[in-house]
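Okay, so the sequence shown: first residue is 4 according to the working numbering, each after it adds one.
Please read the structure below before turning to the comments.
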Amino acid sequence: MTIKAGFLLAGIMALTACSDSTPNPEALKGANFVSAASGADIVLSFDAEEMRVNGKVVNLYNGSYTAEGDKITFSPFASTMMMGPQEAMQTEQDYFQFMPTVESYELSDGRLTLKNAEGKEIVFQQVEELPADEASEVIEVEEVSAE
4 MTIKAGFLLA GIMALTACSD STPNPEALKG ANFVSAASGA DIVLSFDAEE
54 MRVNGKVVNL YNGSYTAEGD KITFSPFAST MMMGPQEAMQ TEQDYFQFMP
104 TVESYELSDG RLTLKNAEGK EIVFQQVEEL PADEASEVIE VEEVSAE
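Given below as structure tokens:
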């Protein structure tokens with residue numbers, strides 16, 4: 004009985020030692036997030052296979068990232084060049100300028116917080132499905148045959 008209790012105690016201690024609060028970058032892969040911002044929602048999706056991100060504010064964008072522990076960095080994004088409402092365009096510009104300055108992240112209870120060295124942060128909520136975009140809806144067109 005004492006040997007079993009010793010093994011049980013050793014097992015519990017080993018599990019406790021393994022479970023720290025360091026974020027797991029693997030948890031980002033394949034995840035989708037949305038942040039409600041002034042003028043436009045910010046969508047951020049992490050690719051399941053590659054260290055790439057994509058999303059949309061006014062324009063579609065993509066880029067790469069690296070993550071280790073709670074440290075994360077993003078490359079400058081490539082994006083489409085559509086115009087939108089002024090407030091949404093300002094939100095997008097601020098977001099695109101912020102992302103290359105991000106140094107760390109927290110992922111807890113479906114909330115992703117990205118932070119830079121100055122203490123600025125953006126908080127995203129994890130979503131299963133990305134919001135529908137009216138511009139990307141498929142419009143069925145009746146085919147006209149030339150007779």
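Where is the CB? At the ideal position from N, CA and C, for every residue including glycine.
Bear in mind the structure is a predicted one, so any value in this text is a computation, not a measurement.
Query	Result
Exposed unless 16 or more other CB atoms sit within 10 angstroms - verdict on ILE142	With a pLDDT of 31 at ILE142, under the threshold of 50, the predicted position of this residue should be treated as unreliable, though the coordinate-derived value follows. So ILE142 ends up on the exposed side.
Cα-Cα separation between GLY42 and VAL61, rounded to whole angstroms	9 Å
Simplified DSSP state of ALA91, which is helix, strand or coil	helix
The segment 23-37 / the segment 81-95 touching (three or more Cβ pairs under 8 Å)	no
DSSP three-state assignment for GLU29, whether helix, strand or coil	helix
Residue of MET54, ALA91 and GLY113 minimising C-alpha distance to GLN129	GLY113
Exposed unless 16 or more other CB atoms sit within 10 angstroms - verdict on GLU131	exposed
Span of the beta strand (DSSP E), counted from its first residue to its last, around ALA39	35-40
Reference ALA91; option with closest CA among SER38, PRO26 and ASN65	SER38
Start-to-end residues for the beta strand (DSSP E) that takes in PRO49	Position check: residue 49 holds Phe in this sequence, whereas Pro was assumed. Segment 43-49, the beta strand (DSSP E) holding PHE49.
Collapsed DSSP secondary structure at PHE83 in the structure displayed	The displayed chain sequence assigns Thr, not Phe, to residue 83. Three-state result, THR83: coil.
THR76 beta carbon less than 8 Å from that of GLU106	yes
As assigned by DSSP and simplified to three states, the class of GLU131	coil
Close-in-space but distant-in-sequence residues of the same chain around GLU71 (CB under 6 Å, 5 per side omitted)	none
Neighbourhood of ARG55 by C-beta, 6 Å cutoff - its chain only, sequence neighbours within 5 removed	SER67
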